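Chemist: Protein chains in written order, with this note's numbering: chain A, 1376 to 1602; chain B, 75 to 290; chain C, 611 to 848; chain D, 3 to 147.
This is the structure, below, for whatever I ask next.
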Amino acid sequence: MNDRSLARAFSLLLRRDLVINFRQRSECVNPVLFFVIVVTLFALGTGADRALLLSMAPGVIWVSALLASMLSLESIFRSDFEDGSLEQLLLSAHPVTVLVLAKVTAHWLVTGLPLILVAPLLCILLGLSGEGLETLILTLLIGTPILSLVGAIGVALTVGLRRGGVIISLLVLPLYIPVLIFGTSAVQMSAAGFPVNGQLSMLAALLALALALAPLPTAAALRMSLS
Amino acid sequence: MLMSGPDQQQRAEPGLTVSGLHCSRDGRDLFKDLSFRLRAGELLVVEGRNGSGKTSLLRILCGIRMQESGSINWDDSPIGELGPLYHQEMAYIGHHDGIKGDLTVAENIQLAKALGKPSGTDLQTILKRLQLSGYNEVLARALSAGQKRRLALSRLLATVSRLWILDEPFTSLDRRGVEICEQLISSHLTHGGMVVMTSHHAMELPGVEITRLRLS
Amino acid sequence: MGSPPHFYRFTGKILPWLSLLCALLIATGLWGGLVEAPADYQQGDSFRIIYVHVPSAWMSLFVYVVMAVCGAIGLIWHMKNAEVIAISSAPIGASFTFLALVTGSLWGKPMWGSWWVWDARLTSELILLFLYLGVIGLYAAIEDKRTASRAVAILALVGLVNIPIIHYSVEWWNTLHQGPTVTKFDKPSIHVSMLIPLLLMAGGFKLFYLISVLIRARGELIERESNSNWVSELLEKR
Amino acid sequence: MKPVRKQRLYLILAMVVAIAVAAGFGLNAFNQNLMFFFAPTEVVAGKAPDTAVFRLGGMVVEGSVQRPGDDLLVRFDLTDFEQVVSVEYTGILPDLFREGQGIVSRGRLRTDGVFVAEEVLAKHDENYMPPEVAASLKRAPEDLK
């Protein structure tokens, strides 16, 4: 099994996952709808004080993105677990970590990317614009893949459970905290007109680290879940 | 279809060697001190009541499940160390078909090829042998249970694997389907392949010696 | 030590001695810390909460590392004792973390002027508590205990990245929390008369952890091995 | 080399590269301003926000604490031994607040450059010693290091 066939397996698995999501559609639409509704609820719940909304905007958008991403996590492995595709994945001729990476990439393209596309609209709703908006998009772009990568560990750990829904949030949310902290602080600082290289570097470091390391525990957890 | 002769002869003990296998579930022993060998051209049928650990044994042989103790060697190396090297020489059909309902028949087979070590057999030939010709573009979820099972069996033809591990392969197959499956198995064996399987179905494979392993 | 019955018998023998030693250490440590040690030049008597806060904060990290290492051993070599020690550590570690957070908060209110501040040290310690809770929750959620042990080990290993962050947070960032006192490489910045009771307490806490983890591990082991011969022999002897 | 071995090597290499990239970004991040609070030097240099709330940390300058009225208003100066920023605060101060003590305060800058604090937190150091020792150290401060 050479590297070409591994690259082929990666791209084919990625494409197949995208095709499946496209054929089901609700998988990618629901998280976005959830995201929009939660942000709207925050705006309604805190009243129409523009200054307050503006100061809360980074936090509200990031927390909503976090929750939306978490709710969609199960779809990475759940259906594969149920129809037996997951065991075939583990028994494939390729390293499981690479295949896991393909599945996580597909998940991010389907659930993370749409969030980033609608985020500008929500920013305008909350009164965030200019520098702050640009930084928010940038942080989401770096941050949401981390959510998918780290979240995959949580799903892999709980996919064998009949009711994994609540426990997965307990596992995954603490690990999301650093992303939330650096993401929101970058937006706040840049909205106040300051350089945010530090926060962005931190997020980038987290992303590189998650890319390198997260597939390992995910693969191990999948083996555990199937045993 | 199989690895050519000289390569195999260099190996001391080609095939699957299981020794002292012990498996327990929820503190109850399913089987203990299980040992057997499987060589080229041999068929092992695992028998036993429901819950006697047949599926567990097969999953241990795949390397999905962990045994309590004992070793499983493939060509003299433990399967845990071989990892993907073992998996590319092995095909597993479990209780679940492992096919995606939202992909077409052709897409499913293509994916199976990419995940394993692809065989030279082309799509049309595979479909013809499984009597699924004309179903290329049909979504797998529209197939009947028997057709889905046959699609799952396509994995055996789409990839090159010396060892087949089949858990109840005849489930939901009709008479014709069972015949197709039996043909697949006997042709695999005559080409020097190995098969471990469980079945409730009484097997009749002319010209094939069947080793039986009873779990109690 | 590798086999569960051995482990059970051996720990049964040493537990009373450990308990005695632990009680001795904590008693002298408390007496030294609360009575003997002088008041701090700045914080007066309020600093004495250090004798609970610092040992429990140390233990919160230590127990996590033990849990992750034992989990890894269980994951790789399938050693039952390691699996059992890993999971038995989780509730104890969570309690230490909780204690560190609560005593820190009680200390922070009079000294800093706030119960809670979102600085790097406090936040990362809170994440540690969440990680412990996640481990406990995950273990409870998975029915097969051996599988659950593997799951917990993976989670604990993932959470291990948090440990250096907690430890170095006060040096990496400008936090409200003060820097390390005793673990400095050159020399501890605490007066000897105050340091000795602190070390006694730290030793006492370590022993306390050892005792409670052994007791929990023995119980867990009996439960897991309830079908095996040595457990039924044990029951017959009673 | 066997293809599988080679593949494993590539994967490990990719991981090492990714971790190195992570370390690079991480180091870069630590060189930037990722702090819990700003120092007076940064405030004087205009690095702190003009309008937003931020935290200011520093040492209370000896002899700078004044209580102009009989209410809770306190004025004092904060320094990082390079620059000085004046702070105004109305409220109860923590026990540890005293001259020469490190504090962190949260608030915003007024147009005249005075920092109006909403909250004052005392930062105590990691040194613990009896009063007599502290007194003797004060007499001979060079012994401290």
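Note that beta-carbon positions come from the ideal geometry of N, C-alpha and C, so glycine has one too.
Fair warning: this is a prediction, and the values are worked out from it, not measured in the lab.
1) Residues in the same chain with beta-carbon distance under 7 Å from histidine 787 of chain C, minus the five sequence neighbours each way, listed in chain order, please.
2) Compute the Euclidean distance between the alpha carbons of glutamine 84 of chain B and arginine 7 of chain D, then round it to the nearest angstrom.
3) By the DSSP assignment, the alpha helix (DSSP H) with alanine 730 of chain C in it spans what residues?
4) Under 7 Å Cβ-Cβ, which residues of chain A neighbour leucine 743 of chain C?
5) Report yes if the C-beta distance between glycine 154 of chain B and glycine 137 of chain B is below 8 Å; otherwise report no.
6) Could you name the residues of chain B that glutamate 1462 of chain A contacts, counting a contact when the two beta carbons are closer than 9 Å?
7) Residues of chain D with a CB under 7 Å from the CB of leucine 1586 of chain A: which are they?
8) Alpha carbon to alpha carbon, what distance is there between leucine 631 of chain C and tyrosine 742 of chain C?
9) Contact between the stretch 128-139 of chain D and the stretch 643-661 of chain C: three or more CB pairs below 8 Å?
10) Do serine 1444 of chain A and threonine 1486 of chain A count as a contact pair if the criterion is CB distance below 8 Å?
11) Could you check whether the Cβ of isoleucine 800 of chain C sits closer than 8 Å to any Cβ belonging to chain D?
12) Drop a sphere of 10 angstroms on the beta-carbon of leucine 74 of chain D, count the other beta-carbons inside from all chains shown, and report buried for 16 or more, exposed for fewer.
13) Once you ignore the five residues that flank leucine 135 of chain B on each side, which residues in its own chain have a CB closer than 7 Å to its CB?
14) Would you mind telling me which residues of chain A sit closer than 7 Å to alanine 761 of chain C, beta carbon to beta carbon, in chain order?
15) Since tryptophan 687 of chain C is in the alpha helix (DSSP H), which residue starts that stretch and which ends it?
16) For my contact list, leucine 770 of chain C and alanine 704 of chain C are in at a C-beta cut-off of 8 Å; report their separation, rounded to the angstrom.
17) Under the DSSP definition of a beta bridge, which residues are partnered with glutamate 121 of chain D?
18) Could you give the DSSP three-state label for tyrosine 166 of chain B: helix, strand or coil?
19) For aspartate 107 of chain B, decide whether its Cβ has a neighbour in chain C, counting only Cβ atoms nearer than 8 Å.
20) When the Cα of glycine 1505 of chain A is compared with those of A:Leu1448, A:Thr1480, A:Ala1566, A:Arg1453, which residue comes out closest?
21) Which residues in chain C sit within 8 Å of asparagine 129 of chain D, going by Cβ to Cβ distance?
22) Who are the near neighbours of tryptophan 725 of chain C in its chain, counting only those whose CB is closer than 7 Å to its CB and skipping five residues on each side?
23) Could you check what DSSP says for proline 88 of chain B in three-state terms: helix, strand or coil?
24) Measuring alpha carbon to alpha carbon, tell me which of B:Ala180, B:Leu289, B:Ile259 ends up nearest glutamate 278 of chain B.
25) Is the Cβ-Cβ distance between leucine 1484 of chain A and leucine 1393 of chain A less than 8 Å?
26) Identify the contact partners of histidine 96 of chain B in chain A, using a Cβ-Cβ distance below 7 Å as the criterion.
27) Can you tell which of B:Ser143, B:Ala186, B:Asp150, B:Gly175 has the C-alpha that lies nearest to the C-alpha of leucine 1465 of chain A?
28) Determine, using beta carbons only, whether leucine 123 of chain D comes closer than 8 Å to chain C.
29) Mind pulling the beta strand (DSSP E) runs of 3 or more residues that sit fully within the stretch 109-141 of chain B?
30) Comparing the C-beta of aspartate 655 of chain C with each C-beta of chain B, is any distance below 8 Å?
31) Given this structure, state the Cα-to-Cα distance separating alanine 1494 of chain A from isoleucine 1436 of chain A, to the nearest angstrom.
32) Judging by CA-CA distance, which residue of A:Pro1549, A:Ile1412, A:Ala1579 is the nearest neighbour of leucine 1490 of chain A?
33) So with Cβ pairs under 8 Å, would you call glycine 48 of chain D a contact of chain A?
34) Anything in chain A within Cβ reach of proline 243 of chain B, meaning under 7 Å, just list it in chain order.
35) Give me the subset of the stretch 1430-1462 of chain A whose CB atoms are less than 7 Å from a CB atom of chain B, sorted by chain position.
36) For the candidate residues B:Leu108, B:Leu227, B:Lys128, whose alpha-carbon lies nearest to that of phenylalanine 244 of chain B?
Modeler: Answer, in terms of the structure:
1) The residues Asp729, Arg731, Leu732, Val780, in chain order, have a CB closer than 7 Å to that of histidine 787 of chain C in the same chain once the five nearest residues on each side in sequence are set aside.
2) Caution applies to glutamine 84 of chain B, whose pLDDT of 49 falls short of 50 and renders its modelled position unreliable; the value that the coordinates give is listed next. Rounded to the nearest whole angstrom, the CA to CA distance from glutamine 84 of chain B to arginine 7 of chain D is 21 Å.
3) From DSSP, the alpha helix (DSSP H) with alanine 730 of chain C extends over 730-751.
4) Leu1545
5) yes
6) Arg133, Cys136, Ile138, Tyr166, Gly168, His170, Gly172
7) Ala20
8) 28 Å
9) Verdict: yes, contact present.
10) In contact: threonine 1486 of chain A and serine 1444 of chain A (Cβ atoms closer than 8 Å).
11) yes
12) exposed
13) The residues are Ile146, Ile239, Val270.
14) Leu1532, Ala1596, Met1599
15) 660-687
16) Their Cβ separation, rounded to whole angstroms, is 16 Å, which puts leucine 770 of chain C and alanine 704 of chain C out of contact at 8 Å.
17) D:Arg108
18) In the structure shown, tyrosine 166 of chain B sits in a strand (DSSP, three-state: E or B).
19) no
20) The candidate whose alpha carbon is nearest that of glycine 1505 of chain A is A:Ala1566.
21) Thr791, Ser799, Ile800
22) Ser715, Gly718, Lys719
23) coil
24) B:Ile259
25) yes
26) Here the premise fails: no neighbours, minimum Cβ distance about 15 Å.
27) B:Ala186
28) yes
29) 117-122
30) no
31) 8 Å
32) A:Ile1412
33) no
34) By Cβ distance, chain A contributes nothing, its closest Cβ being about 13 Å from proline 243 of chain B, past 7 Å.
35) Asp1458, Gly1459, Ser1460, Glu1462
36) B:Leu227
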